[in-house]
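K.L.:
Please read through the structure below; I'll follow up with questions.
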Amino acid sequence: MARMKFLCDADRCIECNACVTACKNEHEVPWGINRRRVVTINDGKPGERSISMACMHCTDAPCAAVCPVNCFYTTADAVVLHSKDLCIGCGYCFYACPFGAPQYPKVGNFGSRGKMDKCTYCAGGPELDFSKEEFEKYGSNRLAEGKLPLCAEMCSTKSLLAGDGDVIAQIYKERVAKRGYGSGAWGWQTAYRETIAT
Amino acid sequence: MAKPFERIRLIVGALALAVLIAVAAPASAQQSGAPVNPTALSVKEQQLLQELNRIQGRGTIPDVKSYVLEQPAGREWRHFHEVTLRWIGAIAVLAILALIVIFYLVRGMVMIKSGRSGRRIERFNGFERFVHWMTASCFIILALSGLNITFGKPLLLPLIGPEAFTTWSELAKYAHNYLSFPFTIGVVLIFLMWVGGNIPNSVDAEWIKRGGGIVGDDHPPAYRFNAGQKMIYWIVVLGGGTSAATGYLLLFPFYATGIEGMQIAQVVHAVVAMLFIAAMLGHIYIGTIGMEGAFEAMGEGSVDVNWAKEHHRLWLEEELRRTPKGARAQPAE
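Protein sequences, first through last, are from chains A and B. Residue numbers for the first sequence follow this note's numbering, so the first one is 1043 and each next one is one higher. Residue numbers for the second sequence follow this note's numbering, so the first one is 4 and each next one is one higher.
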């Protein structure tokens, strides 16, 4: 089985936010929740870089480890998913997540968190594949259709890569070798405890 | 004449062009030869992480907190929550329970030595008891629902299964959130109404020196609150205050602090709460099966005069002096 990962080639990202829009549209993500976002560092200064970030589907995911009700599970493709039926909206995964991926709809009084929502790697949830319940809770399940996450598929500069970790690492390596520079795979050390040697 | 002059002009022109080309050539050669490095100035992930342990930038969505790109500190927090906190909690709670059991087996219930007099004196009025029990009942639910977050997953989840555990945990979360308000009000009221009697003084030093009468049959004098009770009071005020403050930081995310602040708040909240629970177990013990005649003080509001004489002699004398006819002292039923 493949080990799915995301890789954002910061030297290619032009901060067009197509990935953000694609994600929101594909999964009908409600207002106020962003499963993916683009962050620009040193905006407007020399050397600025933009990085598209969502859940990185970490190895030994910290969110899953700290969840007090064990609502997380890892699929055979190493995608980190969770059950909204089990989630109690405590916010602990958000304290643990290095990438700010978990999001909570504001429901009830004083900022009380609803069921957590995050990037599913377009892989749905524990419900039956393609079921109405699955779509309503988690969005579409492209992976089960044999397709990759839409954010990466839509990326106009092919900065955001999704797919088997070894394959996208190889693509990135070849790119860097060809063009002669690369600022590295952002978040990989934190998420997967490995970097891509270029 | 014209021809040689034209030739000179041509030569000069050609030379000038040659010089220009010669000067310009290395410059253009440099541009195509040496590699350009567009990442020379670019921000570097590792460097940013080393500097601040977080990477923050600017985004285009309204959610400002999402502009923090990366923050690996959650890893240390995870270790605290999954390992350190469980040890702290288990040791604090189990150690105090073991101590209580051993103490009870050795010492037994502390009896009223001179027996009951049959005469009673008011110790806590209705308002004081209301505040105490409001705070106490909230505390018990807050403690159980809080312990569930730390110990529920390894202890309760395997027993009742994920669905039932989620139902219970969600209820517990709501109870924890909502009951924090009456609890906080209770802590504030406790602070205000009993602060006068809980300032440490020289009597406390004597009380502590004589072991508080906990060890042996001694009964060191005390005013309304002895040093042990003062300790409980300050644990409630400071522990309750700290857990309330840190709890509200977690209940209202991003109002006052970012993720790193919430991680610290959670650590403080959890550690203080564990120690608080341990201390309250001791308090519950001595107020119930640990001492004859103690529960009545908070239960009915009055105590036997002999109990007061043995445990709070100076307070009893004060009360009798204030009401020489024993107005506050109630006759036995």
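Ideal Cβ placement from N, Cα and C applies to all residues, glycine included.
1) Quick one, which of Asn128/B, Gln59/B and Gly250/B has its alpha-carbon nearest Glu303/B's?
2) Thinking just about the alpha-carbon of each residue, which of Ile1238/A, Ser1198/A and Ala1233/A is nearest to the one in Tyr1214/A?
3) In chain B, which residues lie with their C-beta within 7 Å of the C-beta of Asn1059/A?
4) Contact defined as beta carbons within less than 8 Å: I believe Val308/B pairs with Ser120/B. What is the distance between those atoms, to the nearest angstrom?
5) Give the C-beta separation of Met1046/A and His1099/A to the nearest angstrom, bearing in mind that I take them to be a contact with Cβ-Cβ under 8 Å.
6) Can you tell which of Met301/B, Gly242/B and Gly261/B has the C-alpha that lies nearest to the C-alpha of Ala276/B?
7) Beta-carbon separation of Arg78/B and Tyr70/B under 8 Å?
8) Is the segment 1172 to 1183 of chain A in contact with the segment 1100 to 1114 of chain A, if contact means three or more CB pairs nearer than 8 Å?
9) For Ile144/B and chain A, any beta-carbon pair shorter than 8 Å?
10) What's the gap between the Cα of His135/B and the Cα of Trp197/B?
11) Which whole runs of the alpha helix (DSSP H) in the segment 178 to 234 of chain B are 4 residues long or more, in chain order?
12) Does DSSP put Val1247/A in a helix, a strand or coil?
13) Cβ of Cys1139/A less than 8 Å from any chain B Cβ?
14) For Leu1190/A, which residues of its own chain have a beta-carbon under 8 Å away from its beta-carbon, when the five flanking residues on both sides are left out?
15) Return the residue from the list Ala259/B, Ile152/B and Thr187/B that minimises the CA-CA distance to Leu174/B.
16) Just tell me which of Ala1064/A, Thr1162/A, Arg1221/A and Gln1212/A has its CA closest to the CA of Ala1120/A.
17) Which residues, in order along the segment 150 to 170 of chain B, keep a beta-carbon less than 8 Å from a beta-carbon of chain A?
18) Name the chain B residues whose beta carbon is nearer than 9 Å to that of Gly1224/A?
19) Going by Cα to Cα distance, which pick from Gly1226/A, Pro1088/A and Thr1232/A is closest to Lys47/B?
20) Please identify, using Cβ separations under 9 Å, the residues of the segment 1073 to 1092 of chain A that lie next to chain B, in order along the chain.
21) Would you verify that the beta carbon of Thr1232/A is, or is not, closer than 8 Å to some beta carbon of chain B?
22) Could you have a look at His272/B and say whether DSSP puts it in helix, strand or coil?
23) Taking its Cβ as the centre, do 16 or more other Cβ atoms sit within 10 Å of Ala32/B, making it buried, or is it exposed?
24) Please confirm whether Leu72/B has its beta-carbon closer than 8 Å to some beta-carbon of chain A.
25) On the three-pair Cβ rule with 8 Å, is the segment 224 to 244 of chain B touching the segment 183 to 203 of chain B?
26) Could you tell me which of Ala281/B, Met137/B and Glu313/B sits nearest to Met294/B, measuring between CA atoms?
27) Classify Cys1135/A as helix, strand or coil using the three-state DSSP reduction.
28) Find the residues of chain B that neighbour Asp1053/A, judging by a C-beta separation of less than 8 Å, and give them in chain order.
29) Using the DSSP secondary-structure output, state which residues sit across from Asn1183/A in a beta bridge.
30) Between Thr1232/A, Arg1078/A, Arg1221/A and Gly1131/A, which lies nearest to Gly1156/A when the distance is taken from Cα to Cα?
31) For Trp80/B, collect the residues of the same chain with a Cβ closer than 6 Å to its Cβ; drop the 5 residues on either side in sequence, then sort them by chain order.
32) Is the beta carbon of Cys1065/A closer than 8 Å to that of Arg1078/A?
33) Check whether the Cβ atoms of Ala1143/A and Lys1160/A sit closer than 8 Å, and answer yes or no.
34) Could one say the Cβ of Ser69/B lies closer than 8 Å to chain A's Cβ atoms, at least one of them?
35) My output table needs one value for Tyr288/B: the three-state DSSP class, helix, strand or coil.
36) When we look at the beta-carbon of Tyr1146/A and count the other beta-carbons within 10 Å, is it buried (16 or more) or exposed?
P.N.:
Inspection of the coordinates gives the following:
1) Numbered from its first residue, the second sequence carries residue 303/B at position 300. The shortest Cα separation from Glu303/B among Asn128/B, Gln59/B and Gly250/B belongs to Asn128/B.
2) Here the question's residue 1214/A lines up with position 172 in the first sequence. When each option's Cα is compared against that of Tyr1214/A, the closest is Ile1238/A.
3) Residue mapping note: residue 1059/A aligns to position 17 of the first sequence, counting from 1. Those are Thr63, listed as they occur along chain B.
4) Position 305 of the second sequence holds residue 308/B. Position 117 of the second sequence holds residue 120/B. Between Ser120/B and Val308/B the Cβ distance is about 5 Å, and since that is below 8 Å, they are a contact.
5) Reading the first sequence from its first residue, position 4 is the one you call residue 1046/A. Reading the first sequence from its first residue, position 57 is the one you call residue 1099/A. That pair is a contact at about 6 Å.
6) Position 273 of the second sequence, counted from the start, is the residue given in the question as residue 276/B. The shortest Cα separation from Ala276/B among Met301/B, Gly242/B and Gly261/B belongs to Gly242/B.
7) Along the second sequence, one-based indexing puts residue 78/B at 75. Along the second sequence, one-based indexing puts residue 70/B at 67. For Arg78/B and Tyr70/B, no; Cβs fall outside 8 Å.
8) no
9) Taking the second sequence and counting its residues from 1, the one referred to as residue 144/B is at position 141. For Ile144/B, the answer is no, since every Cβ of chain A falls outside 8 Å of its Cβ.
10) Counted from its first residue, the second sequence places residue 135/B at position 132. Counted from its first residue, the second sequence places residue 197/B at position 194. Computed Cα separation, rounded: 11 Å.
11) 205 to 212
12) No statement about residue 1247/A is possible, as the shown extent of chain A runs from 1043 to 1240 and does not include it.
13) The residue you call residue 1139/A lines up with position 97 of the first sequence. Closer than 8 Å to some Cβ of chain B, the Cβ of Cys1139/A qualifies, so yes.
14) The residue you call residue 1190/A lines up with position 148 of the first sequence. Closer than 8 Å at Cβ, skipping near neighbours: Cys1164, Arg1184, Ala1204 and Gly1205.
15) On the second sequence, residue 174/B is found 171 positions in, with the first residue counted as 1. The option with the nearest alpha carbon to Leu174/B is Ile152/B.
16) Taking the first residue of the first sequence as position 1, residue 1120/A is located at position 78. Closest option to Ala1120/A, Cα to Cα, is Thr1162/A.
17) Asn151, Ile152, Thr153, Gly155, Lys156, Leu160, Pro165, Glu166, Phe168 and Thr169
18) Here the question's residue 1224/A lines up with position 182 in the first sequence. The answer, in chain order, is Thr42.
19) Here residue 47/B refers to the residue found at position 44 when the second sequence is read from its first residue. Out of Gly1226/A, Pro1088/A and Thr1232/A, Gly1226/A has the C-alpha closest to the C-alpha of Lys47/B.
20) Gly1074, Ile1075, Asn1076, Arg1079, Val1080, Val1081, Thr1082, Ile1083, Asn1084, Asp1085, Gly1086, Lys1087, Pro1088, Gly1089, Glu1090, Arg1091 and Ser1092
21) For the purposes of this step, residue 1232/A is taken as residue 190 along the first sequence, with counting starting at 1. With 8 Å as the cut-off, Thr1232/A counts as an interface residue toward chain B.
22) Here residue 272/B refers to the residue found at position 269 of the second sequence. Of the three classes helix, strand and coil, the one that applies to His272/B here is helix, per DSSP.
23) For this step, residue 32/B is matched to residue 29 along the second sequence. The pLDDT assigned to Ala32/B is 46, lower than 50, so where the model puts this residue is not dependable, and the model offers no usable value.
24) Here the question's residue 72/B lines up with position 69 in the second sequence. So, interface residue.
25) yes
26) Within the second sequence, residue 294/B is the residue found at index 291, counting from 1. Among Ala281/B, Met137/B and Glu313/B, the Cα nearest to that of Met294/B belongs to Glu313/B.
27) Your numbering for residue 1135/A matches position 93 in the first sequence. Of the three classes helix, strand and coil, the one that applies to Cys1135/A here is helix, per DSSP.
28) If you number the first sequence from 1, residue 1053/A lands on position 11. Per Cβ cutoff of 8 Å: Pro41, Thr42 and Ser45.
29) Your numbering for residue 1183/A matches position 141 in the first sequence. Paired residues: Ala1165/A.
30) Position 114 of the first sequence, counted from the first residue, corresponds to residue 1156/A. Comparing Cα-Cα distances from Gly1156/A to each of Thr1232/A, Arg1078/A, Arg1221/A and Gly1131/A, the minimum goes to Gly1131/A.
31) Within the second sequence, the letter at position 77 stands for residue 80/B. Hits under 6 Å: Gln266.
32) On the first sequence, residue 1078/A is found 36 positions in, with the first residue counted as 1. On the first sequence, residue 1065/A is found 23 positions in, with the first residue counted as 1. Their beta carbons are under 8 Å apart, which means Arg1078/A touches Cys1065/A by this criterion.
33) As a working note, residue 1143/A is residue 101 in the first sequence. As a working note, residue 1160/A is residue 118 in the first sequence. Yes, Cβ-Cβ distance for Ala1143/A and Lys1160/A is below 8 Å.
34) Working through the second sequence from its first residue, we reach residue 69/B at position 66. With 8 Å as the cut-off, Ser69/B counts as an interface residue toward chain A.
35) On the second sequence, residue 288/B is found 285 positions in, with the first residue counted as 1. The answer is helix: DSSP assigns Tyr288/B an H, G or I state.
36) On the first sequence, position 104 is the one that residue 1146/A refers to. Tyr1146/A is buried by the Cβ-count criterion.
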